[in-house]
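K.L.:
Submitted below is the structure of interest, expressed as structure tokens.
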Amino acid sequence: MEIETQTKQQINLRLIKPRPIFVLFTYDGHGLPIAFRLQEEGYKVYVGQFYHLEGKKEEEKEKEQRMSLYDGLLDKKSGKELLNALLKVKNKDRYFIIFDFPFMWQYAEELRKAGFKGLLPHKEDWELEEEREKAQKLVEERYEIFSKKEHYEFQTIDEAKKFLEATDKCWVLKGNHPDAPTIVPISDEPEIAKMEIINALEINKKLYEAEGFDLQEKLTDILEFTPEAISFQKIIRGINIDIEIKNYAPGNRGYGGQTGCSADIVFWLTKEEGERIYDSFL
């Protein structure tokens with residue numbers, strides 16, 4: 385497979401700065417809407433989807449569904465074939481690489497060492513996703529309110545059910561398997577919240593029991609305001625405040641199961657508007 389390239393002479397003849405070429409790598413398709421949007425805006429976009437990744441298990445039907453996402457809308461290549469083709473490219477500055485999840489960090493590392501730039505996850509990024517205790521410790525160190533929460537680990541759903549029957553608190557469900565959904569009960573009524581958790585456990589029993597799961601005490605009457613910094617080449621390009629509101633959607637959409645974070649409110653700030661936030665990231 386060949387990747388489109390242009391010589392310096394061709395670029396100079398155009399007398400304009402060439403537009404970047406975007407390359408998206410995905411396994412489960414989370415980033416495909418981004419690739420499609422970039423394509424709609426007129427950019428050249430390459431998409432590489434991995435057929436199989438070590439440690440990822442799925443039924444054949446699930447694989448077929450995953451690999452069929454955006455068929456007819458995007459020209460998808462084999463992730464490994466696209467990776468090998470990129471490693472042969474000379475004009476690496478022309479490309480912006482996107483990995484939509486950090487569990488592909490090994491491939492991102494290859495491209496980083498080859499001189500490519502973009503959203504390239506590190507091994508440490510994946511460890512914070514995979515090793516719940518490590519991530520929990522980081523959060524507790526930086527946010528005192530979370531250090532006071534109770535949390536318990538479980539391997540089976542039956543163990544968790546017995547625990548829930550004996551408690552009058554609300555709990556958040558977090559699975560250790562990367563595909564196990566995090567469930568934050570909409571209700572702050574313990575009995576109703578308990579039903580939400582048990583229902584989620586039973587629906588995704590296989591995923592939760594594959595690598596165990598945690599029940600963490602829910603902080604009620606709380607909203608998540610997340611300052612986010614976007615940087616590239618060691619320069620902060622933008623700052624925003626992300627307000628998490630998906631739990632306020634009606635019905636089961638409050639889980640984010642149907643809408644995900646699409647209802648979140650994101651406010652972009654100028655440097656003047658968010659001077660303190662900018663300075664905190666420097």
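Counting from 1 along the sequence shown, just add 384 to a position and that's the residue number in the numbering used here.
In this text, a Cβ means the ideal position worked out from N, Cα and C, and glycines have one as well.
In this text the structure is predicted, and so the values were computed from the model without any measurement.
Kindly list the residues whose CB is nearer than 8 Å to the CB of L458, restricted to its own chain and excluding five residues on each side of it in sequence; keep chain order.
P.N.:
Within the sequence shown, numbered from 1, the residue matching residue 458 stands at position 74. Correct list, in chain order: L416, A419, F420, Q423, V429 and V431.
K.L.:
Round the Cβ separation of P404 and F480 to the nearest angstrom and send it over; I've been treating them as touching at under 8 Å.
P.N.:
The sequence position of residue 404 within the sequence shown is 20, counting from 1. The sequence position of residue 480 within the sequence shown is 96, counting from 1. About 5 Å; that satisfies the 8 Å criterion.
K.L.:
Which of helix, strand or coil does DSSP assign to V429?
P.N.:
The residue labelled residue 429 in the question sits at position 45 within the sequence shown. Of the three classes helix, strand and coil, the one that applies to V429 here is strand, per DSSP.
K.L.:
Considering Cα atoms alone, identify which of A469, H535, G622 and S664 is closest to G559.
P.N.:
Counting from 1 along the sequence shown, the entry for residue 559 is found at position 175. Checked all of A469, H535, G622 and S664; the closest Cα to G559 is H535.
K.L.:
Could you check the C-alpha separation between R660 and L653 for me, to the nearest Å?
P.N.:
Sequence index remark: in the sequence shown, residue 660 carries index 276 (1-based). Sequence index remark: in the sequence shown, residue 653 carries index 269 (1-based). One C-alpha to the other measures close to 11 Å.
K.L.:
Please go through the region 561-587 and give each complete beta strand (DSSP E) segment of 3 or more residues, from N-terminal end onward.
P.N.:
The qualifying runs do not exist here; there are none.
K.L.:
Between I582 and the rest of its own chain, which residues show a CB-CB distance below 7 Å, the 5 nearest in sequence each way excluded?
P.N.:
Numbered from its first residue, the sequence shown carries residue 582 at position 198. These residues qualify, in order along the chain: K545 and L548.
K.L.:
Please classify K655 as buried or exposed, where buried requires at least 16 neighbouring CB atoms within 10 angstroms.
P.N.:
The residue you call residue 655 lines up with position 271 of the sequence shown. Exposed, by the Cβ-count rule.
K.L.:
What three-state label does DSSP hand G415 in the structure shown?
P.N.:
By 1-based counting over the sequence shown, the position of residue 415 is 31. Here G415 sits in coil by DSSP.
K.L.:
What's the gap between the Cα of G596 and the Cα of F651?
P.N.:
Counting from 1 along the sequence shown, the entry for residue 596 is found at position 212. Counting from 1 along the sequence shown, the entry for residue 651 is found at position 267. Using only the alpha carbons, I get a separation of about 36 Å.
K.L.:
Give the list of continuous beta strand (DSSP E) stretches no shorter than 3 residues that lie fully inside the region 458-532.
P.N.:
For the region 458-532, whole beta strand (DSSP E) runs of length 3 or above, ordered along the chain, are 460-462, 479-483 and 501-503.
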